[in-house]
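Student:
Residue numbers (the numbering used here): 10 to 73.
Listed below in structure tokens is the structure:
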């Protein structure tokens, strides 16, 4: 199954947020693990599946 997230952009986002939300840690944490990226991928898939299951059966547009 194909990936839903752009892993390189997720890494850039995490590093940028580290600098803002946790100043000083951006130098300490320089990598993002594959496990973390897989976790975000799985959580996104579950969110989408949940939205599909709870979506009303009327209409033509998917709007969670």
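Glycine included, each C-beta is placed from N, C-alpha and C at the ideal position.
Could you check how far apart the C-beta atoms of residue 14 and residue 50 are, in whole angstroms? I think they sit under 8 Å.
Tutor: Correct: roughly 6 Å between the Cβ atoms.
Student: Could you spell out the range, first to last residue, of the alpha helix (DSSP H) harbouring residue 20?
Tutor: Residues 16 to 30.
Student: Since residue 57 is in the alpha helix (DSSP H), which residue starts that stretch and which ends it?
Tutor: Residue 57 -> alpha helix (DSSP H) spans 43 to 63.
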